[in-house]
Structure formats: C-alpha cells, structure tokens
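Presented below is the structure to which this report refers.
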Amino acid sequence: MLDGYAQVMTIPHNVKYADLFVKLQREAREGDHGLWGSGGQHSQDQGQAAHTVPAGAAGKGPGPHGETIKGNINSKGEKIYHVPGGRYYDKANLEAWFFTEEDAQAAGYRRSKV
Numbered sequence: 001m002l003d004g005y006a007q008v009m010t011i012p013h014n015v016k017y018a019d020l021f022v023k024l025q026r027e028a029r030e031g032d033h034g035l036w037g038s039g040g041q042h043s044q045d046q047g048q049a050a051h052t053v054p055a056g057a058a059g060k061g062p063g064p065h066g067e068t069i070k071g072n073i074n075s076k077g078e079k080i081y082h083v084p085g086g087r088y089y090d091k092a093n094l095e096a097w098f099f100t101e102e103d104a105q106a107a108g109y110r111r112s113k114v
C-alpha cells in the first residue's frame with residue numbers, strides 16, 4: 001500500500017535504493033497520497049513544509065524528474081543550494097535535487113552566496 005508519508009533524502013554513499021524511493025515518492029505525490037494529499041500540499045500543522053511540484057515542471061531541468069535546483073553539502077557540513085546560472089551551479093557536488101527554492105529551504109539548505 002502506498003501511504004506517502006516519507007520524503008526522499010539521499011546521503012552519499014547510502015544511495016542503493018534512492019531510485020526506488022524517488023519513484024515511490026513520485027507515485028505518492030501524483031496520487032495525492034499522504035504528505036501530498038489535498039491538492040499537492042500537506043498541512044502546515046503536520047510539522048512539515050509544504051511540498052509542491054510546479055505545473056509543467058517535470059522534464060524541464062536536468063534532475064531525474066525535471067528538477068532544476070541543486071543541493072550540496074560543503075566541506076564545513078553546510079547545506080547549500082544552487083540555482084541555474086549561479087557561479088557554482090555546474091561545479092556543485094550533488095546531494096539532492098529540488099523543484100523550488102522553498103523546497104530546498106524546507107530541507108535545511110540555504111541559497112549560495114554567489
């Protein structure tokens with residue numbers, strides 16, 4: 001049964017099942033299950049940030065599901081996200097993909113300073 005009460009987070013080198021988890025998360029989101037119920041958003045009172053996929057976002061970016069924002073963890077352990085056109089976007093060591101800056105921030109990432 002697909003309940004949809006988990007959000008994928010990958011931490012290198014622990015990525016053996018990442019593709020499966022991303023697939024299941026996508027199915028839950030598309031089926032409005034769990035966190036993605038109520039029209040693609042879940043309640044703020046559940047202690048989670050709202051997660052939405054912008055209309056038409058799928059397939060628009062280089063991420064596995066069309067995401068465009070890259071998240072990485074630097075050598076100091078800081079979670080930083082990079083937007084297309086940013087100075088380090090092409091050089092960032094990928095830890096996660098995001099559709100929106102809000103999604104990245106909800107996952108604890110901050111925007112790159114350059």
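So for the sequence shown, full-length UniProt numbering puts the first residue at 1; every next one is plus one. We put the CB at the ideal spot given by N, CA and C, even for glycine. Only a predicted model underlies this, so the values are computations on that prediction, with no experimental measurement involved.
To which residues of the same chain is residue i closer than 6 Å at the C-beta, ignoring the five residues directly before and after it?
{"i": "Y89", "result": "H82"}
Can you give the Cα-Cα distance for residue i and residue j, rounded to whole angstroms?
{"i": "E78", "j": "G71", "result": "10 Å"}
{"i": "E30", "j": "K23", "result": "11 Å"}
{"i": "S75", "j": "K113", "result": "16 Å"}
{"i": "D19", "j": "I69", "result": "18 Å"}
{"i": "R111", "j": "I80", "result": "6 Å"}
{"i": "G108", "j": "A28", "result": "22 Å"}
Regarding residue i and the ligand NAP, is the C-beta to nearest heavy atom distance less than 7 Å?
{"i": "E101", "result": "Of ligands this structure carries none, so the ligand NAP is not represented either."}
Output needed for residue i: all residues of its chain with C-beta closer than 7 Å, excluding positions within five of it in sequence on either side, in chain order.
{"i": "G63", "result": "W97"}
Here's the rule: buried if 16 or more other CB atoms are within 10 angstroms of the residue's CB, otherwise exposed. What is residue i?
{"i": "Y17", "result": "exposed"}
{"i": "E67", "result": "buried"}
{"i": "D3", "result": "exposed"}
Am I right that residue i and residue j are in contact with their C-beta atoms under 8 Å? What's the rounded C-beta distance?
{"i": "E95", "j": "I73", "result": "5 Å"}
By alpha-carbon positions, which one of the options ends up nearest to residue i?
{"i": "P84", "options": "A107, Q105, A106 and K60", "result": "K60"}
Please list, in chain order, all residues of the same chain as residue i whose beta carbon is under 8 Å from its beta carbon, the five residues on each side excluded.
{"i": "R87", "result": "S112 and V114"}
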